[in-house]
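A quick write-up on the structure given underneath.
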Amino acid sequence: MTFFKKSYEGLWKSIIRPKREIYDLGDLGPAEFTIENRRYQRNDIILYNQRNMKLVCSLFEPIPEQRIEKRLPCVIFLHGNCSSRLEGINTLHTLLPLNITVFCFDMSGSGLSDGEYVTLGWYERDDVACVIDYLRSTEKVSYIGLWGRSMGAVTALMHGHRDPSIAAMVIDSPFSSMSVLLKEIAKDYTRVPGFLVSLAKGCVKKTIRKKANFNLFELEPIKHVDKCFIPALFVAANQDELIKPHHSERLHDKYAGEKSLIIVDGDHNSDRPQYALDSIGIFFYNTLQCENSWMISHEEERKMSDNLLIPMQEDFQSTSVSELRLLESQSFSLYYPKLTEEEQKKFDEENQRLMQNLGYLNTNSV
1 MTFFKKSYEG LWKSIIRPKR EIYDLGDLGP AEFTIENRRY QRNDIILYNQ RNMKLVCSLF
61 EPIPEQRIEK RLPCVIFLHG NCSSRLEGIN TLHTLLPLNI TVFCFDMSGS GLSDGEYVTL
121 GWYERDDVAC VIDYLRSTEK VSYIGLWGRS MGAVTALMHG HRDPSIAAMV IDSPFSSMSV
181 LLKEIAKDYT RVPGFLVSLA KGCVKKTIRK KANFNLFELE PIKHVDKCFI PALFVAANQD
241 ELIKPHHSER LHDKYAGEKS LIIVDGDHNS DRPQYALDSI GIFFYNTLQC ENSWMISHEE
301 ERKMSDNLLI PMQEDFQSTS VSELRLLESQ SFSLYYPKLT EEEQKKFDEE NQRLMQNLGY
361 LNTNSV
């Protein structure tokens, strides 16, 4: 193989066939586990998408004895292009204590699922539709949210406008336009003249259409966001050199629905700071209407401190709004680790701005 041919093959493979994450089921952890004295279980599921490709999936939920309602809200986690459902494990401590179940799966072309190539959202959005249909059919899910990162964030945006029944989306580090992204990468990481970049883009487009049967340059989330009205929380990292924050900013500015944007410390692959995870938790708590599903049962309540009294649904009428807000904040403090002073300040600022943007606070109040 000539140097040019090898280099070109590496170019198109970096887009639709990056290194695949292969793992053992044991890497997902035990089938039953504990978070903050509550027991949860993982159920592994096989689904088949519209192209009859196998999708390997996992649903994380409370054990039956500790399930407070038949129908609970669910967040579907959508991983990046070099990742798998393993990436979603990081969301469990944020969501499960809020009585939000978590569905993680390997999108087609990734992990242990079928498919030779990833398509950066083009066909993955159909995988999401397949998962949503399955969750609806179980009659165990109330509201559904999406939490996508990188390719997963693009997938959520490419699908969101097609399904207004989705209650909320967290969009972490998406690109606004594949064409724009490739120009930026070529400029930042190569010294190839512009006319050669344009020539290479045309060749890559043809190769990818032949290999994976889609038009790479139709990956334009920016053309979909003005038709999407699902409440959305955009996240971008201030040191992301791969997909720069301006992509999230452009998408946020053009987005039609209720929206907010958080710029966090870190780069494209960094773990998100605790204050950002807490903001995401509160965002889903509100948009998935978790206030209708109290965080602990009567039996568990008796085991908790006498200082933490969570009213059950029959007590709603006798409880003031201010009391509910106080109890809600106590519930969050039970499950979230203590923040540093700097993290607490950032969390308070981001959360207030988030709630104002999403209409949960009266911006004229003190």
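Sequential numbering from 1 applies to the sequence shown in full-length UniProt numbering.
By construction, the Cβ of each residue, glycine as well, lies at the ideal position given by its N, Cα and C atoms.
For clarity, every value in this text was computed on a predicted model and none was experimentally measured.
*asked:* I'd like to know whether the C-beta atoms of Ser-176 and Leu-55 end up nearer to each other than 7 Å.
replied: Stepping through the sequence shown from its first residue, residue 176 is reached at position 176. Stepping through the sequence shown from its first residue, residue 55 is reached at position 55. No, the Cβ-Cβ distance between Ser-176 and Leu-55 is not below 7 Å.
_To the nearest angstrom, how far is the alpha carbon of residue 368 from that of Ala-186?_
Residue numbering for the chain in the displayed model covers 1 to 366; residue 368 lies beyond these limits and cannot be assessed.
*Using 7 Å as the limit for Cβ to Cβ distance, is Arg-209 near chain C?*
No chain C is present in this structure, which holds just one protein chain.
*Leaving out five residues on either side along the sequence, give the residues of the same chain with a beta carbon under 8 Å from the beta carbon of Cys-290.*
Taking the first residue of the sequence shown as position 1, residue 290 is located at position 290. Once the five neighbours on either side are set aside, the close Cβ partners of Cys-290 are Pro-73, Leu-98, Asn-99, Ile-100 and Phe-284.
*Report yes if the CB atom of Leu-78 is closer than 7 Å to the CB atom of Gly-145, and no otherwise.*
As a first step, residue 78 is located in the sequence shown; it is residue number 78 there, counting from the start. As a first step, residue 145 is located in the sequence shown; it is residue number 145 there, counting from the start. Contact: no.
*From which residue to which residue does the beta strand (DSSP E) around Val-102 run?*
For the purposes of this step, residue 102 is identified with residue 102 of the sequence shown, where counting begins at 1. Per DSSP, Val-102 belongs to the beta strand (DSSP E) from 101-105.
*asked:* Using C-beta distances below 8 Å, list every residue in its chain close to Asp-27, excluding the 5 sequence neighbours before and after it, in chain order.
replied: The residue you call residue 27 lines up with position 27 of the sequence shown. For Asp-27, where only same-chain residues beyond five positions count, the Cβ hits under 8 Å are Leu-86.
_Helix, strand or coil for Asp-44? Go by DSSP, reduced to three states._
Counting from one through the sequence shown, the residue named residue 44 turns up at place 44. Looking at Asp-44 - three-state DSSP - the assignment turns out to be strand.
_C-alpha distance - Lys-19 paired with Gly-266, whole-angstrom precision_ = Start at 1 with the first residue of the sequence shown, and residue 19 comes out as number 19. Start at 1 with the first residue of the sequence shown, and residue 266 comes out as number 266. Their backbone Cα atoms lie some 23 Å apart in a straight line.
*Check Thr-119 in the structure and name its three-state DSSP category.*
Stepping through the sequence shown from its first residue, residue 119 is reached at position 119. The answer is coil: DSSP assigns Thr-119 none of H, G, I, E or B.
*Spell out the partners DSSP gives Glu-32 in its beta bridges.*
Counting from 1 along the sequence shown, the entry for residue 32 is found at position 32. Looking at the DSSP assignment, Glu-32 forms a beta bridge with Gln-41.
*Does the Cβ of Ile-46 have 16 or more other Cβ atoms within 10 Å, making it buried, or fewer, making it exposed?*
Walking along the sequence shown from the start, residue 46 turns up at place 46. The residue in question, Ile-46, is exposed, as its Cβ has fewer than 16 Cβ neighbours within 10 Å.
*Measuring alpha carbon to alpha carbon, tell me which of Tyr-117, Ile-166 and Asp-44 ends up nearest Gly-257.*
The residue given as residue 257 occupies position 257 in the sequence shown. Nearest C-alpha to Gly-257: Ile-166.
*Sequence-distant residues of the same chain with beta carbon closer than 7 Å to Ala-156, five excluded per side*: Residue mapping note: residue 156 aligns to position 156 of the sequence shown, counting from 1. Hits under 7 Å: Leu-78, Leu-146, Gly-148, Met-169 and Ile-171.
_Is the separation between the beta-carbon of Val-118 and that of Ser-110 shorter than 7 Å?_
Numbered from its first residue, the sequence shown carries residue 118 at position 118. Numbered from its first residue, the sequence shown carries residue 110 at position 110. Yes, the Cβ-Cβ distance between Val-118 and Ser-110 is below 7 Å.
*Residue range of the beta strand (DSSP E) that Glu-61 falls in?*
As a working mapping, residue 61 is identified with position 61 in the sequence shown. 54-62 is the extent of the beta strand (DSSP E) around Glu-61.
*Which same chain residues, not among the five before or five after Asp-253, have their C-beta less than 7 Å away from its C-beta?*
For the purposes of this step, residue 253 is taken as the residue at position 253 of the sequence shown. So no residue of the chain qualifies.
*What is the rounded straight-line gap between the Cα of Cys-82 and the Cα of Asp-127?*
Reading the sequence shown from its first residue, position 82 is the one you call residue 82. Reading the sequence shown from its first residue, position 127 is the one you call residue 127. If you take the alpha carbons of Cys-82 and Asp-127, they lie about 17 Å apart.
_Relative to the C-alpha of Leu-11, which candidate in Met-158, Cys-203, Ser-108 and Pro-30 has its C-alpha closest?_
In the sequence shown, the residue the question calls residue 11 occupies position 11. Closest by alpha carbon: Cys-203.
*Which of the three DSSP states, helix, strand or coil, is assigned to Ala-167?*
Here residue 167 refers to the residue found at position 167 of the sequence shown. Looking at Ala-167 - three-state DSSP - the assignment turns out to be coil, as it is neither helix nor strand.
*If Ser-173 and Ser-248 are in contact, beta carbons under 8 Å, what's the gap, nearest whole angstrom?*
Residue numbering aside, residue 173 sits at position 173 when the sequence shown is read from its first letter. Residue numbering aside, residue 248 sits at position 248 when the sequence shown is read from its first letter. So it is a contact: roughly 7 Å between Cβ atoms.
*Within 10 angstroms of its Cβ, does Ala-31 collect 16 or more other Cβ (buried), or is it exposed?*
The sequence position of residue 31 within the sequence shown is 31, counting from 1. The residue in question, Ala-31, is exposed, as its Cβ has fewer than 16 Cβ neighbours within 10 Å.
_Quick check: what's the CA-CA separation for Ser-219 versus Gly-281?_
As a first step, residue 219 must be located in the sequence shown, where it is residue number 219. As a first step, residue 281 must be located in the sequence shown, where it is residue number 281. Note that residue 219 is Leu in the sequence shown here, rather than Ser. Approximately 29 Å between the Cα atoms of the pair.
_By DSSP's criteria, Ser-260 is part of a beta bridge. Which residues make up the other side?_
Here residue 260 refers to the residue found at position 260 when the sequence shown is read from its first residue. Leu-233, per the DSSP bridge assignment.
_Quick check: the Cα distance between His-93 and Tyr-8, rounded to an integer number of angstroms?_
Looking up residue 93 in the sequence shown gives position 93. Looking up residue 8 in the sequence shown gives position 8. When rounded, the distance between both Cα atoms is 42 Å.
*asked:* Buried or exposed for Glu-116, going by 16 or more other Cβ atoms inside 10 Å?
replied: Position 116 of the sequence shown, counted from the first residue, corresponds to residue 116. Label assigned to Glu-116: exposed.
*Is Leu-277 buried or exposed, if buried means 16 or more other CB atoms sit within 10 Å of its CB?*
Mapped onto the sequence shown, residue 277 falls at position 277. Answer is buried; the Cβ neighbour count reaches 16.
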